[in-house]
Amino acid sequence: MQIIDLYRRLRSNGVLGLNWRNAEFQLVHNRRKFFPLVDDKLKSKRLAQDAGIEVPELFGVIEYPHEVRTFEHIVRGRDDFVVKPAEGSGGDGILVVMGREGDAFRLANGTVMAPDEMRFHINNILAGTFSLGGQPDKALIEYRIRFDPIFDRIAFQGVPDIRIIVFYGVPVMAMTRLPTEESSGKANLHQGAIGAGIDMTTGKTLNAVWHDRIITQHPDTGAAVSGVQIPHWDRLLHHAARSYELTNLGYQGIDMVLDSERGPVMLELNARPGLSIQIANGEGLGLRLVRIEDCLRDSPEQLETAEQRVRFTREHFAPRPVARTDA
Amino acid sequence: MRNRSVYLLAALLAAAGLALFAYKVVALEFPLSPDDAPDNWEVEARVTFTAVDGPATVRLFVPRSTRNHTVLDQSFISRGYALSTDVTPEGRMARLTRRQAKGPQSVYFRFLIHRTEPVTTPAVAEPEPVQPPPWKGLRLEAGRAMLDQVRVEAESPLVIADAVLKRLARSEPDDVAKTLLGNSNGAERRVTAAAAVLRLGGMNARAVHGIALEVGQKPVRFVHWMEVAEGGVWHRMTADPAAPEVPATWFPWWRGTAKLAQVDGGGTPKVRITVERAADRSIVDTLGAANTQSKNLLTSAMTSLPLEVQQVYRVLLVVPLGVLLLVVLRNVIGLKSFGTFMPVLIALAFRETQLLWGIILFTVIVAIGLAIRLWMERLRLLVVPRLAAVLIIVVGAMAGLSVLSAQLGLAGGLSVALFPMVILTMTVERMSVIWDERGPRDAMQQGVGSLIVATACYLLISYPMTEHLFFQFPELLMVVLAAVLLLGRYSGYRLTELYRFKPLSGGGT
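The listed protein sequences correspond, in order, to chains A and B. Start counting the first sequence at 926; every next residue gets the next number (this note's numbering). Start counting the second sequence at 39; every next residue gets the next number (this note's numbering).
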């Protein structure tokens, strides 16, 4: 009986489960032929550039093993850069080079990598070690983001990012993922990173969730994690709103980071964004999605331009006042 | 819209499946439970041999009805062979001949046995002249020596037969017994030799060969016993003096010293027997009549197949039910497992290895593979060679385990060879990737989850009732398909999600 009650309350709060997300949103609103646009980071990068969304500058692409020796040429004169698989998932296979020590490369986690190890890593990327399903892949060499100092106090040694769920171009819900010592610089929640929900109307962080517990301070730095204003919030929302035109995927997630010079930069798009964002925000996605569906049905002309869609978000998606009880 | 067409399709499928099922149960009286099935047995013998270029003849003993068994529906499937029947002193023989045969040949012989209420009174033995065995020289001397030694003790053929069998069955037979048995002391040799010794002394005795009407024999072996005439009736005894009672399930097929099948114009024939319990009640109804009624494709699709193929489908037809369970456990309960269908394939392997051994062997092999695979991570191998290396390690571990358990005398360990090695390899690979990326806890969680799902699938598909129902009523697949389609549109929470999202259950109603 308790379970049925729990089930009913989650449903009425619009909390999205995997089956609900897959059956009613992902399978219905995302056509499979558009998936390669988000699964291949090279493709989504080019689309974003065409649409005027800032992306990390591409230094070079290595597609075939015999091209691996062009790597030295690509990074000549550059001290720092990022090597990543085009079709990687979950941040696997990404190397962040911070500087050089002689011939070798110094990585973000402090280790030093010899040139032949680097070539081996690139070969592994090409062989598909990090790609979904293990198909051959491409290696991208691109600009390393200089993180906005705003995150210095609330992120431990890593890549804090901002994810926004977008439904037919309307930003629905957002969170920032903050690395901790435990997550060793990675921004994955199940590896121990912190997820903080974001107030869509103001861009201030809400409560944060760490290991499914609600926290207000960063476990490593002690800095407050809620109530932090995310800079460039309006531009972040506009980027998110425009991402729909890039891919034609009705339901997607956009991952962005803040560069200290360039502002919001898009890292990747995701056709199957996870559901933890609901826990970070203390609120279900369902009610917001239904609201957009209603508007698309009744007055689609209100959601035609990116500006209109951002306005819709700001008007309708304030955090729910009674966010949670510790039931 | 979308949902409505799924519901409609599911309803149609379920209705069609259940209607056919109900028709077969109510109108055709198909038994619902394997225990209700009438005592009918389908036997199939496949004789294969290689013909030299020229005419070929296959002679095969054909069973006769006994007082406890009715043999019916005998049929031969043999392309190009002409059939005739011989009657020999040892039994009825079918003779299949072909003018010109070359290369591998196969002949199928099928029949049905209906077992009636057992008759306890022994069969009458007609007085007939006793044919002495065609023994010469050393064998004849050995036979006479054996006869003289046991005759000292008794005159009754039954007691003599028992004494002869006892001497032949010793674990270390004396020289006389060795000469009579030759290089083997199996049951067939013992009953044949004992019968010959008795006939040498003018007593009527014969060796009987047949099969046991029992399910689950893989492969079906012949059983051998002896009949001894005393007091005008035949007495039966097995080759084992410790347990002389012939089991009620043994069915006599042919008598004497010959092999079941003989071939002229070809190599030594290989015989493969399949025994299946037949659940079709119509056989009983038509026992008197020559042909069986209402055997159309719709109602007895599966039983029209050759028995060997039937046995494959007995397994295959329960797989969809296991898959349905897998869908429920993953999409409704929310258990995580490796691979989509891996647990079902592991469950199939469990059918052969038995559950406990299956779990032990699976765990040991995956643990060995995982340990080596995690160590191999340092070698930084490329993907395809690395997978190949894991596969080789898995095969090696399987072989090693088999050898080890053979050394220790653990029969269960030998069945490790039945595990699908590719599935094990992929399990090791996936588990090690998760171990590296998300830590040992996630990897163990999913590993144990897979094992739980596999065990649940095994318990479901190995239940005798399940196998019986899906084999006799393949239309139930439509019902399973309907259930899977409905689950395909299930958008409710998974049980595990209720706990994951519990913090979001506040407010509202």
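Don't be surprised by glycine CBs; every beta carbon is placed ideally from N, CA and C. From a predicted model like this one, the values you see are computed outputs, not experimental measurements.
Amino acids of chain B, ordered along the chain, whose beta-carbon sits closer than 8 Å to that of residue i
i	result
W945/A	S529, G530, Y531
D1017/A	E475
T1105/A	The contacting residues do not exist; T1105/A stays about 14 Å from chain B at best.
G942/A	S529, G530, Y531, R532, E535, F539
E1226/A	Those within 8 Å of E1226/A in chain B number zero; the least Cβ separation is about 24 Å.
Identity of the residues DSSP links to residue i by a beta bridge
i	result
F260/B	I249/B
G1024/A	R1031/A
F984/A	According to DSSP, which records beta bridges pairwise, F984/A is partnered with nothing at all.
S144/B	T86/B
W288/B	A250/B
S122/B	R133/B
L1065/A	V986/A, K1009/A
W272/B	A267/B
K174/B	BP columns for K174/B are empty, so no partner.
F539/B	Partner(s): none; F539/B has no beta bridge.
Exposure label - residue i; buried when at least 16 CB within 10 Å
i	result
I928/A	exposed
V1247/A	In this prediction, V1247/A has a pLDDT of 49, which is less than 50 and means its spatial position is unreliable; what the coordinates show is noted afterwards. Classification for V1247/A: exposed.
V229/B	buried
N41/B	exposed
A1231/A	buried
W413/B	exposed
A83/B	buried
H991/A	exposed
E1026/A	exposed
E1208/A	buried
I499/B	buried
Min CB distance residue i to chain B below 8 Å
i	result
R934/A	yes
T1127/A	no
A1112/A	no
F1045/A	yes
R1249/A	Residue placement at R1249/A is flagged as unreliable, the pLDDT there being 46, under the threshold of 50; a coordinate-derived value is accordingly withheld.
Q1116/A	yes
E1067/A	no
I1123/A	no
I1079/A	no
N938/A	yes
A1231/A	no
T1054/A	yes
A948/A	yes
N1048/A	yes
L1253/A	The requested residue 1253/A is not part of the displayed model; chain A covers only 926 to 1252.
G1209/A	yes
L931/A	yes
Contact list for residue i against chain B, beta-carbon separation under 7 Å
i	result
F1030/A	By Cβ distance, chain B contributes nothing, its closest Cβ being about 16 Å from F1030/A, past 7 Å.
T1130/A	Correct list: empty, because the minimum Cβ distance to chain B is about 17 Å.
N1195/A	Correct list: empty, because the minimum Cβ distance to chain B is about 17 Å.
Contact with chain A by residue i, beta-carbon distance below 8 Å
i	result
P541/B	yes
R418/B	yes
Y45/B	no
A328/B	Low local confidence applies: a pLDDT of 35 at A328/B is under 50, so the model's placement there is unreliable, and no value is given.
T547/B	Residue placement at T547/B cannot be trusted, given a pLDDT of 42 that sits under 50; what the coordinates show is reported in the next sentence. Yes, its Cβ sits closer than 8 Å to a Cβ of chain A.
L550/B	Residue 550/B lies beyond the residue range present for chain B, which begins at 39 and ends at 547; the question has no answer from this structure.
N106/B	no
V421/B	yes
N369/B	yes
Interface partners of residue i on chain A, CB under 8 Å
i	result
L462/B	Simply none; closest approach about 18 Å.
Interface partners of residue i on chain B, CB under 9 Å
i	result
Q1203/A	F539, L542
I928/A	L533, L536
Short CB-CB distance (under 8 Å) between residue i and chain D
i	result
K966/A	Absence of chain D from the displayed structure is noted, the protein chains being A and B.
**Asked** Between the region 380-396 of chain B and the region 425-440 of chain B, do at least 3 Cβ pairs fall closer than 8 Å?
**Response** no
**Request:** Determine contact between the region 1110-1119 of chain A and the region 1081-1101 of chain A, defined as no fewer than three beta-carbon pairs at a distance below 8 Å.
**Result:** Yes, since at least three Cβ pairs between the region 1110-1119 of chain A and the region 1081-1101 of chain A fall closer than 8 Å, the two stretches touch.
**Asked** Is the region 990-998 of chain A close to the region 1095-1108 of chain A, with three or more CB pairs under 8 Å?
**Response** no
**Prompt:** Would you call the region 40-49 of chain B and the region 276-283 of chain B in contact, with 3 or more CB pairs under 8 Å?
**Reply:** no
**Asked** Is there contact between the region 962-972 of chain A and the region 1185-1199 of chain A, where contact requires at least three CB pairs shorter than 8 Å?
**Response** Because the criterion of three Cβ pairs below 8 Å is met, the region 962-972 of chain A and the region 1185-1199 of chain A touch.
**Prompt:** Touching or not, the region 140-149 of chain B and the region 89-107 of chain B, by the rule of three or more beta carbon pairs under 8 Å?
**Reply:** yes
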